[in-house]
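Visitor:
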Amino acid sequence: MKDTRPLLLRSGTDFPPLRRRRTRILQVNLGYLCNLSCVHCHVNAGPTRTEQMSREVVEQVIAVLDQGQVKVLDLTGGAPEMNPHFRDLVRAARARGVTVIDRCNLTIVLEDGYQDLPEFLAEQGVQVVASLPCYLEDNVNQQRGKGVYADSIEAIRRLNAVGYGADERLPLDLVYNPVGAHLPPPQAALEADYKRELDQRFGIRFNQLLTITNMPISRFGAVLLAQGAFNDYMQLLRDNHNVANLGAVMCRDTLSVDYRGYLYDCDFNQMLDLPQGGGQRHPHLSELLAADKDGEAVFVADHCFGCTAGAGSSCGGALE
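Sequential numbering of the sequence shown, starting at 1, is according to UniProt numbering.
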């Protein structure tokens with residue numbers, strides 16, 4: 001697979017410098033194992049990946065939560081639920097009053113051994129952020145594989161059945177990614193389309209739609225290179241750079257943790273192996289037990305234009 005990393009780390013990026021604020025969200029990647037292999041996946045996750053966070057590192061995550069500074073634990077993967085310590089970590093975080101987000105691919109709910117996930121997540125009051133890159137079947141199957149759309153709809157039905165999307169304590173947000181090399185449409189208008197179409201077709205409900213720009217890294221970056229579209233896409237991101245989004249980008253108050261416990265300024269930097277703070281060494285989760293990272297420089301490069309282009313993009317959707 002072709003790698004966009006050397007192109008993104010060209011000498012002297014002109015992306016504006018950023019500094020971190022106090023860490024409020026800890027986004028933890030529990031491993032790259034997944035039951036799907038999606039075209040747009042910036043993690044390059046899939047069924048053959050073996051990387052998983054160990055019990056020792058999970059205990060370090062819990063120790064950081066014990067300090068009381070982190071308010072949100074954002075669990076991602078791969079399919080985070082496939083990590084054998086997923087449920088223990090969720091229980092530990094909720095017992096400490098920490099909000100937990102599960103970034104769910106939906107189809108995992110139908111896999112053997114995971115069919116009780118809706119009940120578990122509801123019991124723990126976990127917020128679910130689920131990938132559904134379009135409300136049209138062909139577009140979803142094109143990105144995520146044949147049959148994934150039907151499985152995703154069934155999974156949402158099962159989440160709805162335990163209260164997700166209706167009970168205010170159980171929010172269910174869906175994530176949209178563009179199919180190709182273009183920016184997402186306006187989030188509010190697309191959310192209205194999703195709600196209308198999914199209700200009329202299937203009678204299913206959700207809370208918010210989060211639009212996320214495809215990053216020119218990992219699997220999607222390789223597709224851009226193979227299609228000869230990388231330079232054009234990067235120019236699109238640059239041409240739509242919005243300075244107003246700089247104050248709200250997620251790297252300001254979110255720390256990303258990989259399955260080994262190493263720290264990064266964001267999930268995308270993690271996939272590019274760009275250490276938090278921009279130094280040569282990889283800071284470790286254990287360092288948060290001594291001091292936070294507020295005030296430190298964010299490691300920026302050309303891919304960062306993906307977060308500020310247009311309405312902006314983060315793991316929480318559009319920034320505007």
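Note that the Cβ used here is the ideal one computed from N, Cα and C, for glycine as well.
Using 8 Å as the threshold, is the C-beta distance between residue 51 and residue 31 below it?
Guide: yes
Visitor: Kindly indicate which three-state DSSP category residue 31 falls into: helix, strand or coil?
Guide: Three-state result, residue 31: strand.
Visitor: Along the chain, which unbroken stretches of the alpha helix (DSSP H) at least 4 residues long are found entirely within the stretch 48 to 107?
Guide: 55 to 66, 86 to 95
Visitor: Please report how far the alpha carbon of residue 297 lies from the alpha carbon of residue 319, in whole angstroms.
Guide: 21 Å
Visitor: Taking the C-alpha atoms as reference points, what is the distance between residue 94 and residue 73?
Guide: 9 Å
Visitor: Quick check on the burial criterion: 16 or more other C-beta atoms within 10 angstroms. Buried or exposed for residue 260?
Guide: exposed
Visitor: Output the distance between the C-alpha atoms of residue 307 and residue 200, rounded to the nearest integer angstrom.
Guide: In a straight line, the C-alpha of residue 307 is about 33 Å away from that of residue 200.
Visitor: Looking at residue 125 and the ligand FAD, is the gap between the Cβ and the nearest heavy atom below 7 Å?
Guide: Absence of the ligand FAD from the depicted structure is noted, as is the absence of any ligand whatsoever, leaving it without description.
Visitor: Assess, as a yes-or-no matter, whether the stretch 196 to 214 is touched by the stretch 262 to 271 under the definition of 3 or more beta carbon pairs within less than 8 Å.
Guide: Touching, no, given that fewer than three Cβ pairs across the two stretches are closer than 8 Å.
Visitor: Report buried or exposed for residue 107, applying the criterion of at least 16 other Cβ atoms within 10 angstroms of its Cβ.
Guide: buried
Visitor: What distance in whole Å lies between the Cβ atoms of residue 165 and residue 120, which are believed to be in contact at a cut-off of 8 Å?
Guide: With a beta-carbon spacing of about 17 Å, residue 120 and residue 165 fall beyond the 8 Å limit used to define contacts.
Visitor: So which of 289, 118, 256 has the shortest CA-CA distance to residue 25?
Guide: The residue with the shortest Cα to Cα distance from residue 25 is 256.
Visitor: Would you kindly work out how many angstroms separate the C-alpha atoms of residue 148 and residue 124, rounded to a whole number?
Guide: 27 Å
Visitor: Report the rounded CA-to-CA distance for residue 17 versus residue 160, giving the unit in angstroms.
Guide: 43 Å
Visitor: If you follow the beta strand (DSSP E) that residue 127 is part of, which residue opens it and which one closes it?
Guide: 127 to 131
Visitor: What residue range does the alpha helix (DSSP H) around residue 213 cover?
Guide: It is not in any alpha helix (DSSP H) - residue 213 carries neither H nor E in the DSSP assignment.
Visitor: Measure the alpha-carbon distance for residue 67 versus residue 139 and round it to whole angstroms.
Guide: Looking at the two C-alpha atoms, the distance is approximately 44 Å.
Visitor: Please state whether DSSP places residue 173 in a helix, a strand or coil.
Guide: strand
Visitor: What are the boundary residues of the beta strand (DSSP E) that residue 254 is part of?
Guide: 254 to 257
Visitor: Whole angstroms are fine: how far does the CA of residue 62 sit from the CA of residue 299?
Guide: 26 Å
Visitor: Roughly how many whole angstroms lie between the Cα atoms of residue 54 and residue 84?
Guide: 9 Å
Visitor: Let's test the definition: count the other Cβ atoms within 10 Å of the Cβ of residue 243 and tell me whether it reaches 16, buried, or not, exposed.
Guide: Classification for residue 243: exposed.
Visitor: Give the single residue among 34, 23, 59 whose Cα lies nearest to the Cα of residue 48.
Guide: 34
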